[in-house]
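Protein chains in written order, with this note's numbering: chain A, 2 to 231; chain B, 56 to 500.
A virtual CB, placed ideally from N, CA and C, is assigned to each residue, including glycine.
Okay, structure first, notes after.
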Amino acid sequence: MTDSQRPDTVVELIDVTRSFPGPPEVQALKGVNLAINRGDYLSIVGPSGSGKSTLLNVLGLLDRPSVGEFLLDGVRTGALSEEERAALRGRSIGFVFQSFHLLPRRTVLDNVLISTLYSGVPRAERMPRARAALDRVGLGHRLGFLPTTLSGGERQRVAIARAVIAQPRLLLADEPTGNLDAQTSREVMDLFEELNADGLTLVVITHDSAVAERARRGIRIDDGRVSVLR
Amino acid sequence: MTRAALWRTSTWRTPTWLGRLKKPFGKAERPPRPVNPVKRADRFTVQDLMVEASHGIGGHTGRLVMTTMGTVLGIASLVVTIGFAQTAAGQIARQFDSVSATQVLVQPGKAGNMFGSGTPKTSLPWDAPERVERLAGVEKAGLVGQVDAAGARITAVPVNDPSAPQSAGPPLLAGSAGLLDAVRGSVVTGRFFDAGHDARADRVVVLGTRAAEELGVNRVDRQPAIFIGDRAYTVIGIIDGVQRRTDMLDAVILPSGTARADFGMGSAQELHVRIAIGAGSVVGKQAPIALDPNTPDNFDVIAPQSGSELQQSVQADVNIVFLVLGLIALLAGGLGIANVTLLSVSERVGEIGLRRALGATRREIRAQFTVESVVIGLLGGLIGAALGVFAVVGVSLVQQWTPIIDLPMVLGCAVLGAVVGLIAGAYPAAKASKIEPISALRQGV
Ligand SMILES: Nc1ncnc2c1ncn2[C@@H]1O[C@H](COP(=O)(O)OP(=O)(O)OP(=O)(O)O)[C@@H](O)[C@H]1O
Ligand SMILES: [Mg+2]
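Set out below in structure tokens:
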């Protein structure tokens with residue numbers, strides 16, 4: 002029923018509820034069922050406070066469901082220790098944030114290399130992979146720059162390079178274009194789509210309908226409940 | 056095979072068929088290992104930890120300087136304290152075998168009037184050297200005293216030329232045979248008089264080098280004579296290098312027996328005693344008793360303080376004051392490090408969240424902040440130790456002491472800085488490791 006029969010399922014949420022004990026108690030996710038297959042490109046839309054980030058945190062192993070089960074690659078994550086979850090997070094999941102989260106005092110190259118420290122990337126491969134990832138996002142000529150000297154679009158591309166260097170199974174992006182103008186947003190989304198075309202499973206939260214409509218699959222969250230758009 | 060052996064083998068090695076059978080029925084069957092083990096070298100190693108920690112520290116140079124200041128001061132004052140104590144101890148050890156620590160001087164006490172110049176209460180017996188030399192710790196003793204020549208001039212030639220300028224001539228002293236050894240003098244040429252000359256009241260003299268120069272005597276092999284008044288005395292030696300009574304170098308010295316016979320000398324004024332190292336206080340107490348068992352208080356004795364007493368008192372003085380200051384500064388330094396590391400943790404909540412999202416465990420976050428504060432402490436310790444060494448060497452140079460600094464002690468103090476950092480960083484690092492990644496990520500980096 003699980004892993005062996007559906008090897009293409011990367012993510013499976015079964016009746017996931019996440020409630021924050023109050024008072025007042027908030028149910029940010031209510032009985033969510035969701036499956037994401039390898040190579041999927043999924044967008045999540047919904048009003049502010051509807052539970053999008055909460056869902057993403059669960060998917061990213063940063064948070065645990067209060068009720069229900071989250072299977073990542075067929076593994077029941079609820080049974081894992083904190084250490085195992087951290088290791089799995091480092092190796093299987095990549096994050097891209099709205100506000101980039103680059104270390105301001107480290108160079109572009111260092112910011113990408115940080116991701117290899119905790120994810121078991123073989124030491125000898127770290128530098129070539131970081132260069133390749135930065136080349137891939139078109140920043141091969143900015144290796145020694147500090148993030149503070151880069152434009153918003155460039156910063157987000159550094160963050161994407163950092164997210165993919167450990168070759169994750171799942172890339173989670175929370176409002177990746179929220180701080181970018183329309184033109185730069187399109188460029189970043191083009192990059193995401195290239196990565197997805199290469200087989201990366203992609204989940205993007207967005208407010209921007211132009212961004213959401215580019216995804217092959219779309220879901221909508223309203224007050225913690227998920228409805229499938231396409 | 057015995058039964059027991061059989062039983063043992065079967066528990067040691069589960070037969071393979073049993074192992075194969077067990078699996079399908081296993082209750083707590085875990086899913087396939089979620090996380091394949093990673094080679095040790097590819098994990099977050101000490102090397103990675105050091106690089107990340109050094110970047111964490113390197114960010115704020117100005118703040119780093121302020122943070123390390125307390126530790127620098129604390130460690131510096133510890134090194135200075137111990138360094139000075141060791142230097143002082145070495146200094147005293149040197150003095151200890153130097154002249155002042157091995158000489159005792161005995162004089163007849165003066166009947167006290169306010170100006171300290173009364174008549175002597177007693178006199179030194181002529182056999183004082185023999186009496187004192189019987190004491191343990193005494194190596195040599197010798198009497199010395201001024202001789203009143205009753206206006207007789209000391210000259211190299213017996214001419215009585217009234218037109219010649221009336222120079223005072225060299226002073227006249229009398230001593231016992233052991234005097235030269237007692238004041239650590241040496242013979243330049245010839246010899247010093249012995250107990251025989253003394254007992255026979257032979258008319259011989261010994262000249263100090265400057266007196267010999269003044270009198271124009273530079274060799275004694277032809278038995279030159281000098282004249283005191285109109286009596287001739289044979290010069291048998293020239294001496295130099297005395298450490299006490301340096302006026303002997305300007306003087307003409309008679310055997311005390313001769314001085315008594317020819318000039319009616321009453322008694323000697325000083326008894327010089329050369330003693331073994333460390334015997335100062337004992338000899339100082341016993342010598343007057345040996346000289347006059349009934350009224351030993353009539354003698355004034357100048358004896359060196361016992362070396363170890365001196366050493367202890369000096370060391371104790373230095374230690375307490377500086378040690379307390381050093382420890383206070385170190386405490387302040389530790390609090391400073393704790394404070395700044397705490398500040399750094401709260402400033403870097405976003406970074407902590409990011410690292411956790413990238414797969415860092417709580418332990419790795421804790422290790423990073425611990426190492427950062429250990430490195431800050433070690434840095435303070437190294438700078439402080441270096442400053443302390445400079446201070447000890449500098450002051451010693453000015454004071455013309457020999458600086459003695461124990462290298463392991465200095466390194467130990469530097470390491471103590473790291474220990475302070477370790478203790479100070481414990482709480483902030485624990486706090487950093489408890490930060491939840493979700494809430495941390497809401498804050499930007
Ligand atoms: N730690 C928490 N404690 C209590 N309530 C929380 C906590 N985190 C989130 N919530 C609540 O859960 C709900 C969903 O929050 P979430 O951040 O997932 O919304 P969102 O869809 O991402 O909104 P936005 O589009 O503004 O980012 C909100 O009502 C929020 O107040
Ligand atoms: Mg959100």
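Cα-Cα, which of B:Ala211, B:Thr177, B:Gly319 and B:Ala446 is closest to threonine 289 of chain B?
Closest option to threonine 289 of chain B, Cα to Cα, is B:Ala211.
How do the region 420 to 427 of chain B and the region 91 to 105 of chain B stand: do at least 3 beta-carbon pairs fall below 8 angstroms, yes or no?
Touching, yes.
Glycine 129 of chain B CB to nearest chain A CB: under 7 angstroms?
Not an interface residue.
Which residue or residues does DSSP assign as beta-bridge partners of glycine 111 of chain B?
According to DSSP, which records beta bridges pairwise, glycine 111 of chain B is partnered with nothing at all.
If you follow the alpha helix (DSSP H) that serine 186 of chain A is in, where does it begin and where does it stop?
Looking at the DSSP string, the run of the alpha helix (DSSP H) that includes serine 186 of chain A is 183 to 198.
Taking the CB atoms as reference points, tell me whether aspartate 41 of chain A and threonine 202 of chain A lie closer together than 7 angstroms.
Cβ atoms of aspartate 41 of chain A and threonine 202 of chain A: closer than 7 angstroms.
Under 8 angstroms Cβ-Cβ, which residues of chain B neighbour valine 122 of chain A?
Correct list: Asp97.
Nearest chain A C-beta to glycine 81 of chain B closer than 7 angstroms, yes or no?
For glycine 81 of chain B, the pLDDT reaches just 37, beneath the cut-off of 50, and the residue's location in the model is therefore unreliable, leaving the point undetermined.
With a threshold of 16 other CB atoms inside 10 Å of the CB of histidine 252 of chain B, please say whether the residue is buried or exposed.
Per the 10 Å Cβ criterion, buried.
Helix, strand or coil: which one does DSSP assign to alanine 371 of chain B?
At alanine 371 of chain B the pLDDT is 47, less than 50, meaning the model places this residue with poor confidence; the figure from the coordinates comes in the next sentence. Looking at alanine 371 of chain B - three-state DSSP - the assignment turns out to be helix.
Taking 6 angstroms as the cut-off, is the beta-carbon of phenylalanine 71 of chain A closer than that to any non-hydrogen atom of ligand 1?
Every heavy atom of ligand 1 is 6 angstroms or more from the Cβ of phenylalanine 71 of chain A, so no.
If you drop the 5 nearest sequence neighbours on each side, which residues of the same chain put their C-beta closer than 8 angstroms to that of proline 343 of chain B?
Within the same chain, proline 343 of chain B has close Cβ partners Val161, Pro351, Asp352, Asn353, Phe354 and Val356.
Terminal residues of the continuous alpha helix (DSSP H) containing arginine 277 of chain B?
It is not in any alpha helix (DSSP H) - arginine 277 of chain B carries neither H nor E in the DSSP assignment.
Who does glycine 245 of chain B pair with in a DSSP beta bridge?
Its beta-bridge partners are B:Gly292.
For the putative contact between glycine 197 of chain B and serine 231 of chain B, defined by C-beta atoms under 8 angstroms, what is the C-beta separation to the nearest angstrom?
Their Cβ separation, rounded to whole angstroms, is 5 angstroms, which keeps glycine 197 of chain B and serine 231 of chain B in contact under 8 angstroms.
Return the Cβ separation of alanine 29 of chain A and glycine 52 of chain A in integer angstroms, given the expectation that the two are a contact with Cβ distance under 8 angstroms.
Contact flag correct, Cβ pair sits at about 4 angstroms.
In chain A, what lies closer than 7 angstroms to glycine 114 of chain B by C-beta?
Per Cβ cutoff of 7 angstroms: Arg106.
For a test of the three-state rule: what should DSSP assign to asparagine 180 of chain A, helix, strand or coil?
Here asparagine 180 of chain A sits in coil by DSSP.
Please confirm if leucine 144 of chain A has its CB atom under 7 angstroms from at least one CB of chain B.
No, its Cβ sits nowhere closer than 7 angstroms to a Cβ of chain B.
At 8 angstroms on the CB atoms, spell out the chain B contacts of tyrosine 42 of chain A, in chain order.
Those within 8 angstroms of tyrosine 42 of chain A in chain B number zero; the least Cβ separation is about 21 angstroms.
Rounded to the nearest angstrom, what separates arginine 274 of chain B and valine 328 of chain B at their Cα positions?
Distance between the alpha carbons of arginine 274 of chain B and valine 328 of chain B is about 30 angstroms.
Taking 6 angstroms as the cut-off, is the beta-carbon of phenylalanine 424 of chain B closer than that to any non-hydrogen atom of ligand 1?
Checking the Cβ of phenylalanine 424 of chain B against ligand 1 gives no.
Can you find the residues in the same chain that come closer than 6 angstroms, C-beta to C-beta, to glutamate 26 of chain A, ignoring five residues on each side of it along the sequence?
Within the same chain, glutamate 26 of chain A has close Cβ partners Ser20.
For glycine 284 of chain B, which residues of its own chain have a beta-carbon under 6 angstroms away from its beta-carbon, when the five flanking residues on both sides are left out?
Within the same chain, glycine 284 of chain B has close Cβ partners Ala207.
Residues of the region 407 to 441 of chain B with a CB closer than 9 angstroms to any CB of chain A: list them in chain order, please.
Correct list: Gly408, Leu409, Arg410, Arg411, Ala412, Leu413, Gly414, Ala415, Thr416, Arg417, Arg418 and Glu419.
Taking 8 angstroms as the cut-off, does the region 107 to 119 of chain A touch the region 195 to 209 of chain A (at least 3 CB pairs, one atom from each stretch)?
With a cut-off of 8 angstroms, the region 107 to 119 of chain A and the region 195 to 209 of chain A do not count as touching, because too few Cβ pairs lie within range.
Do glycine 130 of chain B and alanine 440 of chain B have their C-beta atoms within less than 7 angstroms of each other?
According to the sequence shown, residue 130 of chain B is isoleucine rather than glycine. Contact: yes.
At the 7 angstroms Cβ level, is isoleucine 137 of chain B part of the contact set with chain A, yes or no?
No, its Cβ sits nowhere closer than 7 angstroms to a Cβ of chain A.
Tell me the start and end of each unbroken alpha helix (DSSP H) in the region 205 to 229 of chain A that is at least 4 residues and wholly inside, in chain order.
For the region 205 to 229 of chain A, whole alpha helix (DSSP H) runs of length 4 or above, ordered along the chain, are 210 to 213.
Would you call the CB atoms of leucine 228 of chain B and isoleucine 308 of chain B closer than 7 angstroms?
Yes; because the gap between Cβ atoms is below 7 angstroms, this pair is in contact.
Specify, as a first and last residue, the run of the beta strand (DSSP E) that lysine 53 of chain A falls within.
Per DSSP, lysine 53 of chain A belongs to no beta strand (DSSP E); it is in the alpha helix (DSSP H), 53 to 60.
Quick one: is the Cβ of serine 54 of chain A within less than 6 angstroms of any heavy atom of ligand 2?
Under cutoff, so the answer is yes.
So, alanine 316 of chain B versus alanine 256 of chain B, is the Cβ gap smaller than 7 angstroms?
Their beta carbons are under 7 angstroms apart, which means alanine 316 of chain B touches alanine 256 of chain B by this criterion.
Which parts of the region 77 to 106 of chain A are runs of the beta strand (DSSP E), unbroken and 3 residues or longer, counting only runs that do not cross its ends?
Within the region 77 to 106 of chain A, the complete beta strand (DSSP E) runs of at least 3 residues are 94 to 97.
On a Cα-Cα basis, can you pick out the residue from B:Gly381, B:Val193 and B:Ile490 that is closest to isoleucine 137 of chain B?
Ranking B:Gly381, B:Val193 and B:Ile490 by Cα distance to isoleucine 137 of chain B puts B:Gly381 first.
Between which residues of its own chain and alanine 479 of chain B is the CB-CB distance below 6 angstroms, once the five residues before and five after are set aside?
Within the same chain, alanine 479 of chain B has close Cβ partners Gly389, Ile392, Ala393 and Ser428.
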